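Comments concern the structure below.
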Amino acid sequence: MLQILFDALSLGSLYALGALGIALIFGVMRLVNFAHGDVIAFCVFALLWPSTDAMAIVFAGQLPWYLLLPFVLLCGAGLSVLCEIVVFRRFRQANPATMMIASFALGFVIRYFLLMLFSSRPKSISLLPELSQPVEILGARLPLLQLITIVATMVILIGLTLFLRQTRFGLEMRAAAENFSMARMLGVRANRVIMGAFALSGALAAAIALIFGAQTGTLDIQMGASIMLMAFIATVIGGLGSLGGAVLAGFLLGAASVIMQVMLPIDARPFRDAFVYGAVILVLLFRPQGLIAARGTKERI
Amino acid sequence: MSLLALSDITIRYSRLTAVRNVSFSMDEGEILFITGPNGAGKSSLLRAIAGVTPVAGGRIDLAGHEITGQAPENIARLGFSMVPEGRDVFGSLTTEENLLVGTGMHARERGWRSRAADELEAVYATFPMLKERRHGQAGLLSGGQQQMLVIGRALMTNPRLVAIDEPSLGLAPNINDQVYERLIALRAQRQLTLLIVEQSSARAMMVGGRMILMRGGQIVLDGDARTLGNGEAIQAAYFGYEDN
Numbered sequence: 003m004l005q006i007l008f009d010a011l012s013l014g015s016l017y018a019l020g021a022l023g024i025a026l027i028f029g030v031m032r033l034v035n036f037a038h039g040d041v042i043a044f045c046v047f048a049l050l051w052p053s054t055d056a057m058a059i060v061f062a063g064q065l066p067w068y069l070l071l072p073f074v075l076l077c078g079a080g081l082s083v084l085c086e087i088v089v090f091r092r093f094r095q096a097n098p099a100t101m102m103i104a105s106f107a108l109g110f111v112i113r114y115f116l117l118m119l120f121s122s123r124p125k126s127i128s129l130l131p132e133l134s135q136p137v138e139i140l141g142a143r144l145p146l147l148q149l150i151t152i153v154a155t156m157v158i159l160i161g162l163t164l165f166l167r168q169t170r171f172g173l174e175m176r177a178a179a180e181n182f183s184m185a186r187m188l189g190v191r192a193n194r195v196i197m198g199a200f201a202l203s204g205a206l207a208a209a210i211a212l213i214f215g216a217q218t219g220t221l222d223i224q225m226g227a228s229i230m231l232m233a234f235i236a237t238v239i240g241g242l243g244s245l246g247g248a249v250l251a252g253f254l255l256g257a258a259s260v261i262m263q264v265m266l267p268i269d270a271r272p273f274r275d276a277f278v279y280g281a282v283i284l285v286l287l288f289r290p291q292g293l294i295a296a297r298g299t300k301e302r303i
Numbered sequence: 138m139s140l141l142a143l144s145d146i147t148i149r150y151s152r153l154t155a156v157r158n159v160s161f162s163m164d165e166g167e168i169l170f171i172t173g174p175n176g177a178g179k180s181s182l183l184r185a186i187a188g189v190t191p192v193a194g195g196r197i198d199l200a201g202h203e204i205t206g207q208a209p210e211n212i213a214r215l216g217f218s219m220v221p222e223g224r225d226v227f228g229s230l231t232t233e234e235n236l237l238v239g240t241g242m243h244a245r246e247r248g249w250r251s252r253a254a255d256e257l258e259a260v261y262a263t264f265p266m267l268k269e270r271r272h273g274q275a276g277l278l279s280g281g282q283q284q285m286l287v288i289g290r291a292l293m294t295n296p297r298l299v300a301i302d303e304p305s306l307g308l309a310p311n312i313n314d315q316v317y318e319r320l321i322a323l324r325a326q327r328q329l330t331l332l333i334v335e336q337s338s339a340r341a342m343m344v345g346g347r348m349i350l351m352r353g354g355q356i357v358l359d360g361d362a363r364t365l366g367n368g369e370a371i372q373a374a375y376f377g378y379e380d381n
């Protein structure tokens with residue numbers, strides 16, 4: 003029972019962090035960023051030295067954790083901000099559909115860049131192997147990593163909440179997410195807020211990359227896509243642009259996946275995701291605006 | 138030199154011309170009403186000054202700087218503060234957070250925090266009701282309270298020119314009187330320059346000052362509100378429009 007709870011929480015953590023990265027950017031510029039998954043993949047491969055060999059040549063992955071963490075987080079934030087400056091800045095005035103297509107294209111560019119450097123073969127890596135040891139809590143044996151995933155996610159969520167509530171930059175971001183042009187008329191700098199949102203979103207992608215990389219031990223250029231699909235769904239059922247909703251829906255999706263994995267009859271288990279998506283459709287039928295509807299449907303910029 | 142000068146401003150929304158070759162200027166300390174029926178281009182003009190609506194032609198100068206085509210955040214830094222139509226309160230933020238959003242633009246200056254705190258107290262002194270609700274969600278305030286909040290929010294940036302788009306919109310007449318009472322008191326207190334858009338010229342005649350009447354994207358009358366209000370010209374300009 004406890005095992006199920008922890009499975010649900012740790013899977014939900016990944017979805018919640020992914021959904022948050024999408025919701026942050028959607029909030030300030032109404033962009034559904036399909037390149038987010040590829041930013042995750044980029045962060046994972048930042049651990050390796052570029053080579054097309056089947057054997058992974060670990061580079062940054064060897065660093066002790068206190069250097070590894072900032073390195074990967076900076077990679078994510080840096081790439082994300084770069085995407086904003088090079089690509090999305092030129093689409094600010096464009097309609098959301100155009101921006102979305104641009105993000106698709108950008109995602110492919112990042113993915114094929116990785117493909118060129120690393121080939122499409124999945125590579126195995128043992129990232130922070132000391133974390134895979136089991137610990138015993140209340141009679142359940144859990145991998146330490148699962149515990150750390152949950153704790154790290156909580157720390158990130160609390161940190162982000164404090165950042166948004168207590169700092170001036172957070173205040174400006176919340177104001178801009180609700181009504182961008184009003185915020186600008188009050189002197190809030192559009193570029194600063196948008197770059198901040200991209201940096202945060204990229205750092206969240208990096209956090210997912212680390213957790214996912216450590217959990218699975220295999221690196222694959224497609225790996226961002228699988229989490230991102232669920233994360234997108236979480237942002238939508240959470241209420242696009244609502245950060246709280248995205249996190250809640252991420253955890254709910256994680257729970258739904260794990261519970262169905264356990265409860266469904268054996269024969270139906272391979273189709274688990276179909277049941278999860280079915281549940282998603284049901285939720286959207288009854289709450290098309292999402293669980294927590296976001297404020298501020300005013301036009302952007 | 139005038140504080141605000143518009144020359145030959147034209148604003149287009151794709152094929153529709155909302156404002157056609159409009160020029161006027163305002164001096165420091167002046168109060169100017171822009172009135173006119175729906176669709177006259179009043180709001181478009183304010184939004185163009187604020188930098189949120191692009192102009193198709195002409196030039197705007199504020200406090201000695203050309204601001205045509207500038208970003209709204211830079212225009213705000215030159216001392217222009219806008220209270221848009223429909224108020225645009227940040228509903229999910231608290232009352233106090235709404236007031237504080239605009240103070241960040243002075244963050245590079247020394248002592249801005251204490252000045253922002255002083256400014257906050259000054260706004261609370263003018264609108265004590267805002268202080269009572271300071272930690273409450275701004276979206277839950279009544280229409281009149283929200284109007285006071287956005288006026289307070291506009292003042293927090295310590296502006297030289299405050300533009301207000303239809304402060305009367307959706308407010309009960311007695312609440313509207315209160316809003317104007319405060320505005321006039323504030324103007325005397327801080328030597329504010331006020332640019333107010335209203336559909337009705339009645340308020341302008343009551344308050345006094347200068348009035349510009351617009352129709353079909355052009356200025357049809359420009360003069361003292363009280364003398365204009367008594368003339369027949371204004372009736373002709375308003376022909377077919379019911380005064381509220």
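Just so you know, the protein sequences line up as chains Z and H, in that order.
Just so you know, we're using the numbering used here here: the first sequence kicks off at 3 and counts up by one.
Just so you know, we're using the numbering used here here: the second sequence kicks off at 138 and counts up by one.
Note that beta-carbon positions come from the ideal geometry of N, C-alpha and C, so glycine has one too.
Values in this document were obtained by computation on a predicted structure and should not be read as measured data.
Just mark residue i as buried or exposed, buried being the case when its beta carbon has 16 or more other beta carbons within 10 Å.
{"i": "H/Q284", "result": "buried"}
{"i": "Z/K300", "result": "Reliability of the predicted coordinates at Z/K300 is poor, the pLDDT of 39 falling under 50, and the value obtained from them is presented with this limitation in mind. It is exposed - the Cβ of Z/K300 has fewer than 16 other Cβ atoms within 10 Å."}
{"i": "H/P174", "result": "buried"}
{"i": "Z/E138", "result": "exposed"}
{"i": "H/L365", "result": "buried"}
{"i": "Z/F168", "result": "According to the sequence displayed, residue 168 of chain Z carries Gln and not Phe. Looking at its Cβ environment, which holds fewer than 16 other Cβ atoms inside 10 Å, Z/Q168 is exposed."}
{"i": "H/Q282", "result": "buried"}
{"i": "Z/G292", "result": "buried"}
{"i": "H/D164", "result": "exposed"}
{"i": "Z/L147", "result": "buried"}
{"i": "Z/P290", "result": "exposed"}
{"i": "Z/D9", "result": "buried"}
{"i": "Z/N181", "result": "buried"}
{"i": "H/D255", "result": "exposed"}
State the Cα-Cα distance for the pair residue i and residue j, rounded to the nearest angstrom.
{"i": "H/V156", "j": "H/I148", "result": "5 Å"}
{"i": "H/L183", "j": "Z/I160", "result": "41 Å"}
{"i": "H/Q315", "j": "Z/A276", "result": "59 Å"}
{"i": "Z/S12", "j": "Z/A18", "result": "10 Å"}
{"i": "Z/F253", "j": "Z/I235", "result": "12 Å"}
{"i": "H/I146", "j": "Z/M101", "result": "31 Å"}
{"i": "H/D225", "j": "Z/M184", "result": "7 Å"}
{"i": "Z/A251", "j": "Z/A205", "result": "20 Å"}
{"i": "H/Y378", "j": "H/S338", "result": "Legend: pLDDT at H/Y378 = 46, less than 50; position of this residue unreliable, no value from coordinates given."}
{"i": "Z/I27", "j": "Z/P267", "result": "39 Å"}
{"i": "Z/G39", "j": "H/A262", "result": "51 Å"}
{"i": "Z/L50", "j": "Z/V60", "result": "5 Å"}
{"i": "H/L306", "j": "H/G241", "result": "29 Å"}
{"i": "Z/A227", "j": "Z/L117", "result": "14 Å"}
{"i": "H/Q207", "j": "H/R214", "result": "11 Å"}
{"i": "H/S106", "j": "Z/M187", "result": "Nothing about residue 106 of chain H can be reported from this structure: the residues present for chain H run from 138 to 381 only."}
{"i": "Z/C85", "j": "H/S160", "result": "42 Å"}
{"i": "Z/A177", "j": "Z/I294", "result": "18 Å"}
{"i": "H/L140", "j": "H/E222", "result": "23 Å"}
{"i": "H/G166", "j": "Z/V238", "result": "50 Å"}
Specify, as a first and last residue, the run of the beta strand (DSSP E) that residue i falls within.
{"i": "Z/Q95", "result": "That residue, Z/Q95, is in no beta strand (DSSP E); it is neither H nor E in DSSP."}
{"i": "H/N158", "result": "153-163"}
{"i": "H/L169", "result": "168-172"}
{"i": "H/S144", "result": "141-150"}
{"i": "Z/P145", "result": "142-145"}
{"i": "Z/T237", "result": "No beta strand (DSSP E) holds Z/T237; the alpha helix (DSSP H) holding it covers 225-240."}
{"i": "H/A300", "result": "298-302"}
Does DSSP put residue i in a helix, in a strand, or in coil?
{"i": "H/G202", "result": "The question names Gly, yet the displayed sequence has His at residue 202 of chain H. Strand at H/H202."}
{"i": "Z/A48", "result": "coil"}
{"i": "Z/V190", "result": "coil"}
{"i": "Z/I174", "result": "Looking at the sequence provided, one finds Glu at residue 174 of chain Z rather than Ile. In this structure, Z/E174 counts as helix in the three-state DSSP scheme."}
{"i": "Z/R302", "result": "Reliability fails at Z/R302, whose pLDDT of 38 lies under 50, so the model's placement of it is uncertain and the value that follows must be treated cautiously. In the structure shown, Z/R302 sits in coil (DSSP, three-state: anything other than H, G, I, E or B)."}
{"i": "Z/M262", "result": "helix"}
{"i": "Z/S82", "result": "helix"}
{"i": "H/Q355", "result": "strand"}
{"i": "H/A208", "result": "coil"}
{"i": "H/M138", "result": "coil"}
{"i": "H/D361", "result": "strand"}
Which residue comes first and which comes last in the alpha helix (DSSP H) that contains residue i?
{"i": "H/P104", "result": "Since the first and last residues shown for chain H are 138 and 381, residue 104 of chain H lies out of range."}
{"i": "Z/L11", "result": "4-31"}
* To do: May I ask you to list, following chain order, the residues of the segment 187-199 of chain Z that have a beta carbon less than 7 Å from some beta carbon of chain H?
  => Listed by position, the residues of the segment 187-199 of chain Z near chain H (Cβ gap below 7 Å) are M187, L188, G189, V190, R191, A192.
* Which residues, in chain order, does the segment 231-253 of chain H contribute to contact with chain Z at a C-beta distance below 9 Å? -> The residues in question are E234, N235, L237, V238, G239, T240, G241, M242, H243, A244.
* What residues from the segment 320-350 of chain H come within 8 Å of chain Z, judged by C-beta to C-beta, listed N to C? -> none
* Asked: At a Cβ cut of 8 Å, what residues of the segment 164-185 of chain Z count as close to chain H, listed as they run along the chain?
  -> For the segment 164-185 of chain Z, the set of residues with a beta-carbon nearer than 8 Å to any beta-carbon of chain H comprises R170, L173, E174, R176, A177, E180, N181, S183, M184, A185, in chain order.
* Check each residue of the segment 178-200 of chain H: if its Cβ is closer than 7 Å to any Cβ of chain Z, include it; give the result in chain order. => Within the segment 178-200 of chain H, those residues whose Cβ lies closer than 7 Å to any Cβ of chain Z are, in chain order, A187, V189.
* Contacting positions in the segment 216-228 of chain H - beta carbon closer than 7 Å to chain Z -> M219, P221, D225, F227, G228
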